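Input: a single structure, listed below in structure tokens.
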Amino acid sequence: MDTSHEVLNLRTTPIQQRGSDRMQSLLDAAAVLIDEDGIDGVTTTAVAYRSRSSVGVLYRYFPNVDSLLKALAQRNMQRFMDRIQGGADRANLPPWAAWDNTFGSYVDMYRHEPGFRHLGFGDIITARFLGDEFTNTTVVARIFAQMLSEEHTVPVTDSMLFHLDVAVAMAVAIVHRAFLYDPKGDERFIEEARKMVGAYLRAEIPMTSE
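Sequential numbering from 17 applies to the sequence shown in my numbering.
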């Protein structure tokens, strides 16, 4: 099962490091502008100016603002996955013992990743921002399912995918509420989401080693 998210849809794929750095600089500039002025603050002119580039250079990589935001949302997804996969070895832990780590990584993205609080994985723009076939929460759920399958040798079933999708949707909604008025996050909502979703996963997707 291929659960990886789609490759960035860019006009020009930068081969050389210089081109890659320039593209990342454009994404960095867009993220900062989102933090300052929200999604509406991202324009081609503003991004070019903030990145000390030009609109012409920006158009080499992104045909419009929507494609730029989509690339940033996909980078957010990749950095989230890097945080999860870069943690300690989870193979010898109970299947749901890693939930706190995964949830904590998501909360950290809200607190420390520029632009993430407002853009996230693109949900604010459309529920299918990461791809046309699945909703954003489904993309995350399918990746999580693949990780569980690889680490704990369990089959990925339709039931597992459904319940993971529900769990991700709950976590995303409650964490969004936690950060709606507080850039540091309301701990009451954060802890409630951690407990509720953790309990739901254990109840609906029981693992024999727990």
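For each residue, glycine too, the CB sits at the ideal point set by N, CA and C. Everything numeric in this text was worked out from a predicted model, so none of it was measured.
Considering only Ala-113, Asn-92, Ala-89, Met-39, the residue with the shortest C-alpha distance to Tyr-77 is Met-39. Bounds of the alpha helix (DSSP H) holding Asp-124 are 115-128.
One thing to note: Leu-88 has its Cβ no nearer than 8 Å to the Cβ of Leu-49.
Cβ-Cβ separation between His-179 and Glu-220: approximately 4 Å, consistent with a contact (criterion under 8 Å).
Excluding five sequence positions before and after Arg-91, the CB atoms of its chain that fall closer than 7 Å to its own CB belong to Leu-43, given in chain order. A direct Cα-Cα distance of roughly 25 Å separates Glu-167 from Phe-137.
Nearest in C-alpha terms to Val-213, of all of Asp-198, Ile-190, Met-223, Ala-194, is Ile-190. Rounded to whole angstroms, the gap between the alpha carbons of Val-73 and His-128 is 28 Å. With at least 16 other beta carbons inside 10 angstroms of its own, Ser-121 counts as buried.
Nearest neighbour of Gln-101 by Cα position, chosen from Phe-119, Gly-57, Leu-85, Leu-84, turns out to be Phe-119. Taking each of Ala-46, Ala-185, Asp-82, Ile-141 in turn and checking the Cα distance to Phe-160, the smallest one comes out for Ala-185.
Leu-135 is a Cβ neighbour of Leu-85, given a cutoff of 8 Å. Rounded to the nearest whole angstrom, the C-alpha separation of Ala-45 and Met-223 is 44 Å. In chain order, Pro-130, Gly-131 place their CB closer than 6 Å to the CB of Asp-51, counting only its own chain and leaving out the 5 sequence neighbours on each side. Comparing C-alpha distances from Ile-141 to each of Glu-203, Arg-68, Asp-56, Ser-36 shows the shortest one belongs to Asp-56. For the set Ala-62, Thr-61, Ala-183, Met-125, the Cα lying nearest the Cα of Arg-95 is the one of Met-125. A distance below 6 Å between beta-carbons, with the five flanking residues on each side excluded, links Ser-165 to the following residues of its chain, in chain order: Val-172. By the beta-carbon neighbour count (other beta carbons within 10 angstroms, threshold 16), Thr-153 is buried. The shortest C-alpha to C-alpha distance from Asp-98 to any of Ala-113, Met-163, Ser-67, Ser-36 is the one to Met-163. Closest option to Arg-133, judged by alpha-carbon separation, among Ser-36, Thr-59, Lys-200, Ala-215: Lys-200.
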